[in-house]
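For reference, the structure is listed below as structure tokens.
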Amino acid sequence: MNKKKLFLSGMRDGIPITLGYFAVSFALGITAGKAGFSAIQAFVASLLNNASAGEYAAIALIASGAGFAEVALMELIANARYFLMACTMSQKFSPDTPFYHRLLIGFDLTDEIFAINVTRKGYIEPAYAYGAIVTVLPGWSVGTALGVIVGDVIPPFAVSALGVAIFGMFIAIIVPPAVKNRVIAVTVLASFALSTAVNKLSFFDFIPSGTKTIILTVVISLAAAIIRPIPDDGDCE
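See below:
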């Protein structure tokens, strides 16, 4: 498949993600507006930090008068899971992929963009990843800006409903690979069960939610790799 077709394929796969992101970022924009952000400020913030949990945390800190160092540290903690995703993504690139492609794609490495890239057979094609990014990133940024502009007009129950879209979208991404691969299916179910248990049991309350996600990701992926390792045949299948 040539680069143009790969780019268009990435844009096509990015459309459902964009719709989900738009809904969530709209709710984020309402929060940003109440914290004193202008529409332009919210747009730039989302353009440079496409991460819902990270942005919510930053907006809350900024609204409380926190300093730059506090916000930077919180962003590092809240977005630390992307280090793990980046390590996985790096193994899916062809060895001769230039560094600048890895750097640019890493700039907008979100959960869903990560998912649609790593579930494709073979090496990650930069053109495909770029197609998804140029579709998704504007939707997230524009949605945040619109949330600031018209947020007060939307009823609270409608805003709450918008937040559900992102979960439905993510489930739609992980279910097809799980149906085809029993190991993935078991890993996904184990992730759901352990995540629910860790968040419900008071014993783990002392661990920040972001840290819980990182620990579970490492433990579950390590267990899956040990129990059912992927043969190293060199074709990145």
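Going by this note's numbering, the sequence shown opens with residue 1, and the numbers climb by one from there.
Every residue, glycine too, gets a C-beta built ideally from N, C-alpha and C.
{"Query": "Buried or exposed by the 16-neighbour rule on C-beta atoms within 10 Å, applied to residue 81", "Result": "buried"}
{"Query": "Residue 237, buried or exposed, once every other Cβ within 10 Å from all chains shown has been counted against 16", "Result": "Unreliable positioning characterises residue 237 in this predicted model, as indicated by a pLDDT of 49, which lies under 50. The coordinate reading is nonetheless provided below. Exposed, since its Cβ has fewer than 16 Cβ neighbours within 10 Å."}
{"Query": "Residue interval of the alpha helix (DSSP H) (run including residue 29)", "Result": "3-34"}
{"Query": "Residues near residue 3 by beta carbon distance below 7 Å, same chain, minus five either side", "Result": "127"}
{"Query": "Bridge partner(s) assigned by DSSP for residue 93", "Result": "124"}
{"Query": "Collapsed DSSP secondary structure at residue 88 in the structure displayed", "Result": "helix"}
{"Query": "Any alpha helix (DSSP H) of 4 or more consecutive residues that is wholly inside the stretch 203-230", "Result": "209-227"}
{"Query": "Cut-off 7 Å between Cβ atoms - residues of its own chain near residue 123, not counting five sequence neighbours on either side", "Result": "92, 93, 94 and 236"}
{"Query": "Residue burial classification, residue 100 (beta-carbon count within 10 angstroms, cutoff 16)", "Result": "exposed"}
{"Query": "Buried/exposed call for residue 89, threshold 16 Cβ in 10 Å", "Result": "buried"}
{"Query": "N-terminal and C-terminal residue of the alpha helix (DSSP H) that residue 99 is part of", "Result": "99-107"}
{"Query": "Inter-stretch contact (C-beta, 8 Å, three-pair minimum) for the stretch 29-36 and the stretch 141-150", "Result": "yes"}
{"Query": "Distance CB(residue 185)-CB(residue 178) smaller than 8 Å", "Result": "yes"}
{"Query": "Whole-Å CB distance - residue 139 paired with residue 22, under 8 Å assumed", "Result": "5 Å"}
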